[in-house]
Each structure stands twice: as structure tokens, then as C-alpha cells.
Amino acid sequence: MTPTTPATEPAEAPLTENGTYFMAGYKKQGWTLHARHSSLRTWSWSTVMVTEDVCFGRVTEEEQALLDAT
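For the sequence shown, numbering that gives the first Met the number 0 begins at 0 and goes up steadily by one.
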């Protein structure tokens, strides 16, 4: 089994005294997984995105600027 390596250092930060925000990224066998989770007392939200690294290798500088702006 190939080990999973962190793409970004996992980080957790308080949103307010009643919530937290967690974000992490991992790389394995040419794929990158990004995960985020936010929680407050009344709701929680999680997102996960997995991309094949070769796909983002074809992104132009203009397209990357659009992605970075969001």
C-alpha cells in the first residue's frame, strides 16, 4: 500500500466561541484530496474535492487566477 502524504498541513481554527473550521489536503498516487469542515452551534458544513493531479497540470495561468479568486 502506498502511503498518503499531506498536501497541506491539517489546520483547525475557532470561528467563534461556538464553532470551528478544519481544513486538510492529502496526496496519493497522482490524486489530491482537499477536505474542509465548518461547524457552529446551529449548523455544520463539510466539503470534499478530489482531483487527478495531471488535470490541474493543464490549467492555464488565466484559469488558475480565476480559481484562486474564488
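Quick reminder that beta carbons are idealized off the backbone N, C-alpha and C, glycines included.
Residue i (DSSP reduced to helix, strand or coil)
i	result
Glu60	helix
Leu65	helix
Cβ-Cβ distance between residue i and residue j below 8 Å
i	j	result
Ala64	Val47	no
Ser45	Thr19	no
Leu66	Val49	no
Of the residues the options, the one placed nearest residue i, counting alpha carbons only
i	options	result
Trp30	Glu51, Thr59, Leu66 and Glu62	Glu51
Val53	Lys26, Ala10 and Asn17	Lys26
Close Cβ partners of residue i (< 7 Å) along its chain, the five nearest in sequence each way excluded
i	result
Phe55	none
Exposure of residue i, with buried meaning 16 or more beta-carbon neighbours within 10 Å
i	result
Thr41	exposed
Cutoff 6 Å; reference residue i; Cβ partners in own chain excluding five residues on either side
i	result
Ser43	none
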